[in-house]
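S.K.: Going letter by letter, the sequence shown gives residues 507 to 761 in our numbering.
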Amino acid sequence: MMSYQCKIGCIGLVTALIICSCNEQKQLHPMSSSLSSNDAMVDTTQIYHHITLDSTEQLQIYYPHFKRIDLVCGTMPQPTDTSVIMVCAAAFTGQVKKEFSHENIAGNHISGGVYHKGYPCKANTGAFVYAHRQWKFVYQDYAVEVAQAADESGMGFGQMMLINNGLRMPANVVGKNICRALCERKRKLCIIDSRQPLLLIDFIKFLGRYGVTQALYLDMGEGWNYSWYRNNQGIVQYIHPKKQDYGTNWITFYR
């Protein structure tokens, strides 16, 4: 719950609220590109039909084998929908309300190919857009890219950029928390969670060591962190249990 202040962190990061007052400017950015990591990594991957799992001492990584992505708003996809591979919260939610409204989502966004206006949020320093099986991470001004993705019946949302083209972004957030990000590594999309509470600056550091070249924060905290994926047997594996119905939007990977 943020009372129209933008929650910029994981569980307990409400101590580091940023009052949201974005003024989006139009500016084109090149497609994202990945760089290989210089760090030696131990291969701990577990390959499923729907998803590939990997891990380090600090991180848990999920590579969905998807055919499309959408930002589902209002009602979270249910485990009974067998077309869904993985789902988790995406953009920040402004206030806890009984009724859903797109205006309660931080930043303008695209769901089901339709453009919606959200509330202005200064913490949204980047965005992710997807259309025609191509994606793009955008740093800072992303109004043009979101509009273009909407014209192409895609999806997109704004969030806090953690890594852009291999460069780590500043993270002046206090407290250790479980963190999550939408990432690109070696030209593949993945969701990465911290395996234990970390300072956000340390989470970003470990993402960089893993070889992540693009990273966009994903909403977390009790009530927002409910998430799951589907394993090779089609059985749903819950990452964080459902505790509250606070979420308003979810990045959803479909097979």
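Note that beta-carbon positions come from the ideal geometry of N, C-alpha and C, so glycine has one too.
Let's test the definition: count the other Cβ atoms within 10 Å of the Cβ of L673 and tell me whether it reaches 16, buried, or not, exposed.
M.R.: For the purposes of this step, residue 673 is taken as residue 167 along the sequence shown, with counting starting at 1. L673 comes out exposed.
S.K.: Which residue wins for smallest C-alpha separation from K748, given the options M675, N738, S733?
M.R.: Sequence index remark: in the sequence shown, residue 748 carries index 242 (1-based). Among M675, N738, S733, the Cα nearest to that of K748 belongs to S733.
S.K.: Kindly give me the distance between the Cβ atoms of L630 and Q665, rounded to whole angstroms, as I take these residues to be in contact under 8 Å.
M.R.: For the purposes of this step, residue 630 is taken as the residue at position 124 of the sequence shown. For the purposes of this step, residue 665 is taken as the residue at position 159 of the sequence shown. For the sequence presented, residue 630 should be read as Asn rather than Leu. So it is a contact: roughly 6 Å between Cβ atoms.
S.K.: Measuring only the C-alpha atoms, how far is L722 from E563?
M.R.: Along the sequence shown, one-based indexing puts residue 722 at 216. Along the sequence shown, one-based indexing puts residue 563 at 57. Computed Cα separation, rounded: 21 Å.
S.K.: Return helix, strand or coil for A633, following the three-state DSSP convention.
M.R.: Indexing the sequence shown from 1 puts residue 633 at position 127. Of the three classes helix, strand and coil, the one that applies to A633 here is strand, per DSSP.
S.K.: How many angstroms separate the CA atom of W641 from the CA atom of V578?
M.R.: Counting from 1 along the sequence shown, the entry for residue 641 is found at position 135. Counting from 1 along the sequence shown, the entry for residue 578 is found at position 72. Rounded to the nearest angstrom, the two C-alpha atoms are 17 Å apart.
S.K.: Where DSSP assigns a beta bridge to M661, which residues make up the other side?
M.R.: Here residue 661 refers to the residue found at position 155 of the sequence shown. M661 is bridged to Y636.
S.K.: Is it buried or exposed, N670, if we count other Cβ atoms within 10 angstroms and call 16 or more buried?
M.R.: The count along the sequence shown starts at 1 and reaches residue 670 at position 164. The residue is buried, with at least 16 neighbouring Cβ atoms inside 10 Å.
S.K.: Let's see if you can read the secondary structure: which residues bound the alpha helix (DSSP H) around Y716?
M.R.: One-based indexing of the sequence shown puts residue 716 at position 210. Counting along the chain, the alpha helix (DSSP H) containing Y716 begins and ends at 706 to 716.
S.K.: At the level of alpha carbons, what is the spacing between T599 and N755?
M.R.: Working through the sequence shown from its first residue, we reach residue 599 at position 93. Working through the sequence shown from its first residue, we reach residue 755 at position 249. Distance between the alpha carbons of T599 and N755 is about 8 Å.
S.K.: Give me whichever residues DSSP pairs with P570 in a beta bridge.
M.R.: For the purposes of this step, residue 570 is identified with residue 64 of the sequence shown, where counting begins at 1. Answer is I557, bridged to P570.
S.K.: Counting pairs of Cβ atoms below 8 Å between the segment 613 to 621 and the segment 648 to 665, do you hit three or more?
M.R.: Touching, per the Cβ criterion.
S.K.: With a cut-off of 8 Å on the beta carbons, I'd call S659 and G619 a contact; round off their distance for me.
M.R.: Counting from 1 along the sequence shown, the entry for residue 659 is found at position 153. Counting from 1 along the sequence shown, the entry for residue 619 is found at position 113. Indeed, because the Cβ distance is near 3 Å, the residues count as touching under 8 Å.
S.K.: Find out if the Cβ-Cβ distance for the pair P570, F759 is shorter than 8 Å.
M.R.: The residue you call residue 570 lines up with position 64 of the sequence shown. The residue you call residue 759 lines up with position 253 of the sequence shown. Yes, the pair counts as a contact, with Cβ atoms nearer than the cut-off.
S.K.: Assuming C685 and L706 are in contact, meaning their beta carbons sit under 8 Å apart, how far apart are those beta carbons, in whole angstroms?
M.R.: Within the sequence shown, the letter at position 179 stands for residue 685. Within the sequence shown, the letter at position 200 stands for residue 706. Right, the Cβ-Cβ distance comes to about 6 Å (below 8 Å), so this counts as a contact.
S.K.: How big is the Cα-Cα spacing for A633 and Y735?
M.R.: For the purposes of this step, residue 633 is taken as residue 127 along the sequence shown, with counting starting at 1. For the purposes of this step, residue 735 is taken as residue 229 along the sequence shown, with counting starting at 1. About 23 Å.
S.K.: Give me, in chain order, the residues of the same chain whose beta-carbon lies closer than 8 Å to that of K623; leave out the 5 immediate sequence neighbours on both sides.
M.R.: To locate residue 623, count along the sequence shown from 1; it is residue 117. Result list for K623: H608, E609, N614, in chain order.
S.K.: Need the endpoints of the beta strand (DSSP E) that D725 sits in, please.
M.R.: Translated into the one-based positions of the sequence shown, residue 725 becomes position 219. Segment: none, D725 is in no beta strand (DSSP E) and carries neither H nor E.
S.K.: State the Cα-Cα distance for the pair Y648 and A655, rounded to the nearest angstrom.
M.R.: As a first step, residue 648 is located in the sequence shown; it is residue number 142 there, counting from the start. As a first step, residue 655 is located in the sequence shown; it is residue number 149 there, counting from the start. Looking at the two C-alpha atoms, the distance is approximately 11 Å.
S.K.: Based on Cα-Cα distance, which residue from I567, C594, M582 lies nearest to D725?
M.R.: For the purposes of this step, residue 725 is taken as the residue at position 219 of the sequence shown. Residue C594 is the option with its Cα nearest to D725.
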